[in-house]
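Residues in the sequence shown are numbered consecutively from 1, following full-length UniProt numbering.
We treat Cβ as the ideally placed atom computed from N, Cα and C, and that holds for glycine.
First up is the structure itself, then whatever we jot down about it.
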Amino acid sequence: MARDNSLRLSMGDAVPGDRLDGGWWPRSRDLGAELAHLIDRFPVEHGRVVRVVCSPPDWDQPMPRRVAVGTGFVKVGSFPSDDTHMILLRTSDRRLLHVLVVPPHFTDAQGAEAMLAAATRRNTHTAVSLLDTVTGELDVDPSSEWTDDGGSCWDPDPVDAPERRTA
Numbered sequence: 001m002a003r004d005n006s007l008r009l010s011m012g013d014a015v016p017g018d019r020l021d022g023g024w025w026p027r028s029r030d031l032g033a034e035l036a037h038l039i040d041r042f043p044v045e046h047g048r049v050v051r052v053v054c055s056p057p058d059w060d061q062p063m064p065r066r067v068a069v070g071t072g073f074v075k076v077g078s079f080p081s082d083d084t085h086m087i088l089l090r091t092s093d094r095r096l097l098h099v100l101v102v103p104p105h106f107t108d109a110q111g112a113e114a115m116l117a118a119a120t121r122r123n124t125h126t127a128v129s130l131l132d133t134v135t136g137e138l139d140v141d142p143s144s145e146w147t148d149d150g151g152s153c154w155d156p157d158p159v160d161a162p163e164r165r166t167a
């Protein structure tokens, strides 16, 4: 069976205040191959991509510093350690586009919903919160983020609190 080679990208009309300019749903975690596919097929009305900044946890390592595309090479950078599920695309006309990266493993329904929401005018979700909403799952385990007095408030084996003495 032949691989579907279509570009899964949905871009909106940039409106001041939008958090995201669109959504991209790559087919794998191979950044070099996926970026070349995206850039070579990027809609001309949004500009020519000349630089990319991405979130390392979305991709298999090692990440390339530049990617060969039809017009030459595009420089690739990364956020320091953020898991933003977003890619920044700098265009030749100096626009900076914030594009949601939909994980390749999403179902067809989840991927389509995420891309539509990211391209909708006046969207206010961050990429992470949008993906959480689409999947109905938190991106992080709450027990690893929220603690109280050194113990997890999401303890899988809760213990009764000691009785309080009243004066």
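DSSP state of residue i mapped onto helix, strand, coil
| i | result |
| --- | --- |
| V53 | strand |
| M63 | coil |
| D108 | helix |
| H85 | coil |
| L116 | helix |
| V44 | helix |
Unbroken alpha helix (DSSP H) run spanning residue i, endpoints
| i | result |
| --- | --- |
| T133 | 127-135 |
| G23 | It is not in any alpha helix (DSSP H) - G23 instead sits in the beta strand (DSSP E) that spans 22-24. |
| G12 | Premise fails: G12 is in no alpha helix (DSSP H) and is neither H nor E. |
| L31 | 31-40 |
Beta-carbon separation (whole angstroms), residue i vs residue j, contact threshold 8 Å
| i | j | result |
| --- | --- | --- |
| P43 | M11 | 6 Å |
| R48 | T91 | 6 Å |
| V128 | A114 | 11 Å between Cβ atoms; not a contact. |
Range of the contiguous beta strand (DSSP E) that encloses residue i
| i | result |
| --- | --- |
| S78 | 72-78 |
| V99 | 96-101 |
Examine the Cβ distances between the region 22-40 and the region 88-99 and report whether three or more of them are shorter than 8 Å. yes
The region 62-70 contacting the region 28-42, beta-carbon criterion three pairs below 8 Å: yes
Does the pairing of the region 71-91 with the region 51-61 give three or more beta-carbon distances under 8 Å? yes
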